[in-house]
Amino acid sequence: MGEHIGMLLENLHVETKENTVKLIADVHSSYFGEKTVWAEIDEKYAHALTVENYNGFLVGLLYPAMYVGEDIHIKGSVSARLLYNINHYLMAFIRTYSARCKTIQVTADKTITDLPEKAHHIGTGYSAGVDSLCTIYDHLEKETYPQYKLDTLLFLNTGSHGEFSKSTTEPKFHTRFEYLKQTAPLPFIALNTNIHQFHEFFPDSHQKTVTFTNIAGILTIEKYFAKYYIASSMSYREAIQFGKKRLDISTEAFDPILLPLLSTETLEFIADGQQYTRSQKVQRIADYSLARQALNVCVNGAERTAQNCSHCEKCLRTLMTLDSLDKLKEFSTVFDLQTYSKYAFKYRCKQRLLYYSNPFAHDNISCASYHNRQVPSLIMSLIVCSPNIVKSMIKQILRPLLKNDKHNQ
Ligand SMILES: [Zn+2]
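Start counting the sequence shown at 185; every next residue gets the next number (this note's numbering).
Given below as structure tokens:
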């Protein structure tokens, strides 16, 4: 690109492959070199790909460009609202969030405020996790306003499937999509992208820029949606209480600030789920038949089955809440309750110890007390969870007493 120092996006176009269509743009960058950025979808949804503007790819490249300090110029159109918000607000937010990001110039040949052939679908992501199911329950099963009722679900690859940057990402994405399709209660669209490849050069980048990569992906099919719910895992209280600790770690806590700034004239992003704590969400979906059949929270990730390991942190967290609600049996299809019973007591003790420092533990213990479940005492929790040395010391102290006790019986 000769003397151009910065990032230039141009040549936005659509390419048709066998059964899929791809929206592609060329990226010329001093730091990244000559690249393409793309989003790929089933040919059935070719009309959704938004070739009229660069909104998605601009959002996808904004953070990386600020990180390396490159101005962005778009040789084409972007939303007037989005460009205004980026220059007036979003960059200031990003600089607050990540101190090492620099203010840059973002310009475009043209700004637009509308889209031709605009469809008005209402969407959200489907992952079969608690957050996703709660949003679907609220806005599909319980929604009374037609203009807020879900009609489409999306499965997006912006780097969350499998290890970041590894070639395992794509096969996992496809396997998982085929699996989830069996239970998706609405039309379900897979959207694959390479946007995350511009984010993977900084450490822990998936969570760090998750809002930007996800919104970037969704904006590549901006024409398809009028509203889109982003299901967040944090409640308002947690986001406020722990917000400072999330700086430079995860944008998720800041969705209520970011999503209005990333919305365009024709697509509104809504931060959903922050009105509940985790246990309140589990309670909301406890009687939802889809959740009983499909709930998948496990970090030990079985892609082809609904089976949760029932002993990892996320499985136990969910099981403990279901236990407090007396809903374990109802979830026996997706959890192994025998496995849970082996871990349940120790996990409770651990949560008791973390009550004041961990928001999920606080929430889960409060939920247990509220539902009159016995919560282990602090001393008991210490004994159960303390390292083996301390444990054997305590045992040594207690042994004579226990013996005497037995003799006395
Ligand atoms: Zn698990």
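For each residue, glycine too, the CB sits at the ideal point set by N, CA and C.
With 16 other Cβ atoms within 10 Å as the buried cut-off, status of residue i
i	result
THR342	buried
HIS197	exposed
LYS201	exposed
ARG583	exposed
LYS365	exposed
PRO371	exposed
THR297	exposed
THR220	exposed
GLY244	buried
THR280	exposed
Proximity winner among the options, relative to residue i (alpha-carbon distances)
i	options	result
ARG421	LEU446, PRO440 and VAL518	PRO440
ILE208	TYR215, SER263 and GLU199	GLU199
TRP639	LYS228, SER213 and LEU242	Residue coverage of the chain in this structure runs from 185 to 593, which leaves residue 639 outside it and unanswerable.
THR435	THR450, ILE399, THR404 and ASP520	ILE399
ASP510	HIS231, ASN556 and ASN269	ASN556
GLY309	TYR329, THR328 and ASP335	ASP335
ASN669	LYS429, VAL483 and GLY457	The requested residue 669 does not occur in the structure, where the chain is confined to residues 185 to 593.
PHE519	SER550, ILE433 and ASN484	ASN484
ASP644	LEU512, GLU227 and LYS411	Any answer about residue 644 is impossible in this case: the structure gives the chain only from 185 up to 593.
CYS533	THR517, LEU233, LEU566 and GLN491	LEU566
GLU497	THR517, TYR531, GLN522 and SER473	TYR531
GLN331	HIS358, ALA410 and ALA312	ALA410
ARG360	LEU431, ALA312 and TYR540	ALA312
GLY401	THR328, ASN239, ASN492 and GLU254	ASN239
ILE373	THR523, GLU227, TYR554 and GLU218	GLU227
LEU340	HIS358, TYR329 and THR328	HIS358
Contacting residues, own chain, Cβ-Cβ under 6 Å from residue i (five flanking each side not counted)
i	result
LYS224	According to the sequence shown, residue 224 is Glu rather than Lys. Taken in chain order, the residues that qualify are THR204, LYS206 and ASN376.
SER349	The pLDDT assigned to SER349 is 46, lower than 50, so where the model puts this residue is not dependable; a value taken from the coordinates is nonetheless given after this. Hits under 6 Å: GLU384.
GLU347	Bear in mind that a pLDDT of 45 at GLU347, under 50, signals an unreliable position, so the number given afterwards is only what the model happens to contain. Excluding sequence neighbours, GLU347 sits near nothing in its chain.
ALA552	SER508 and VAL559
Cβ shell of residue i (< 8 Å), same chain only, five flanking positions each side left out
i	result
ASN548	ARG462, SER463, ARG501, MET504, THR505, SER508 and GLN535
ILE278	LEU246, TYR247, MET250 and CYS285
LYS526	HIS495
SER351	Unreliable positioning characterises SER351 in this predicted model, as indicated by a pLDDT of 49, which lies under 50. The coordinate reading is nonetheless provided below. So no residue of the chain qualifies.
GLU236	SER261, ILE296, LEU299, PRO300 and LYS407
ALA264	THR295, ILE296, THR297 and GLU449
Contacting residues, own chain, Cβ-Cβ under 7 Å from residue i (five flanking each side not counted)
i	result
ALA283	none
ALA303	LYS407 and TYR408
PHE515	ARG476, LEU479 and LEU506
SER594	Coverage of the chain is limited to positions 185 through 593, which leaves residue 594 absent and any answer about it impossible.
ILE189	SER214
ASN195	ALA209 and ASP210
LEU562	ARG536
Beta-carbon proximity of residue i to residue j, cut-off 8 Å
i	j	result
VAL252	ASN271	no
ILE306	LYS326	no
LEU445	THR395	no
HIS546	TYR413	no
ARG468	CYS569	no
LEU267	ALA292	yes
LYS259	LEU193	yes
TYR460	SER417	no
GLY457	ASP315	yes
Within-8 Å CB hit, residue i to chain C
i	result
SER213	Annotation note: the requested chain C is absent from the structure, which comprises a single protein chain.
In chain order, each beta strand (DSSP E) run of at least 3 residues that lies wholly inside the stretch 352-405 = 372-377
Which ranges would you report for the alpha helix (DSSP H) in the stretch 200-267 if only whole runs of at least 4 residues count?
-> 239-252
Unbroken stretches of the alpha helix (DSSP H), 4 residues or longer, contained in the stretch 420-471 = 420-430, 439-446 and 462-469
Counting only runs that start and end within the stretch 478-536, where is the alpha helix (DSSP H) found for 4 or more residues in a row?
-> Scanning the stretch 478-536 for uninterrupted alpha helix (DSSP H) segments of 4 residues or longer gives 497-508, listed from N- to C-terminal end.
Would you list, in sequence order, the uninterrupted alpha helix (DSSP H) runs of no fewer than 4 residues that lie entirely inside the stretch 300-326?
-> 314-320
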